[in-house]
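K.L.:
Numbering (numbering that gives the first Met the number 0), first residue to last: 0 to 136. Backbone N, C-alpha and C define an ideal beta-carbon position, used for all residues, glycine too.
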Amino acid sequence: MKPGLTSGMSHTQRFAVEEESTIGFMGEGLRVYATPFMVRDIERTCRDFLGQYLGAEENSVGARMEIDHLGPTLKGMWVEVTATVTGIEGRKASFEAEVRDALDLVGKAKHVRFVVDLAKQKERLEAKAAKLAQLKP
């Protein structure tokens, strides 16, 4: 990881709340921003932010998410996710996030990511795939 990322720094991204990011189980007229998509958007914001401080041979993976979905956002609105760094410890980056639509605070979260070396990650995944292949009859 490159130097420069410190606690207190923040980054904001905006996401459209389109049909595919809403719940449909309550009926067409009741489509609102779905929690799994809120999680996705928080992860994406934190990953994009952290990515600005990574080398070409690095990326990051999510390790923990604690989320409160506080209120509905209607289909057709947008949300802004603001991620704030709360700690950097070696390869571990911790964030707090707020999710707001045009009217309200609709979500809060704590998220942890780990920086990974892509070559080492590839080796780990290949080793796991080899173990899996041994299990197949």
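Count the other CB atoms within 10 Å of the CB of Asp40; is the residue buried (16 or more) or exposed (fewer)?
P.N.:
Buried: at least 16 other Cβ atoms inside 10 Å.
K.L.:
Is DSSP giving Ser6 helix, strand or coil here?
P.N.:
Looking at Ser6 - three-state DSSP - the assignment turns out to be coil, as it is neither helix nor strand.
K.L.:
When you compare only the Cα positions, how much space is there between Gly26 and Ser59?
P.N.:
Distance between the alpha carbons of Gly26 and Ser59: 37 Å.
K.L.:
I'd like the list of long-range same chain contacts for Leu104, defined as Cβ closer than 8 Å, with 5 residues on each side in sequence excluded.
P.N.:
Taken in chain order, the residues that qualify are Leu69, Gly70, Glu97 and Val98.
K.L.:
If you compare alpha carbons, which of Ala118, Ile87 and Phe14 is closest to Val111?
P.N.:
Measuring from the Cα of Val111, the nearest candidate turns out to be Ile87.
K.L.:
List the residues that DSSP assigns as beta-bridge partners of Leu104.
P.N.:
In the DSSP output, where bridge partners are listed per residue, Leu104 has Arg99.
K.L.:
Flag this pair as yes or no: are the beta carbons of Ala101 and Met76 separated by less than 8 Å?
P.N.:
Yes.
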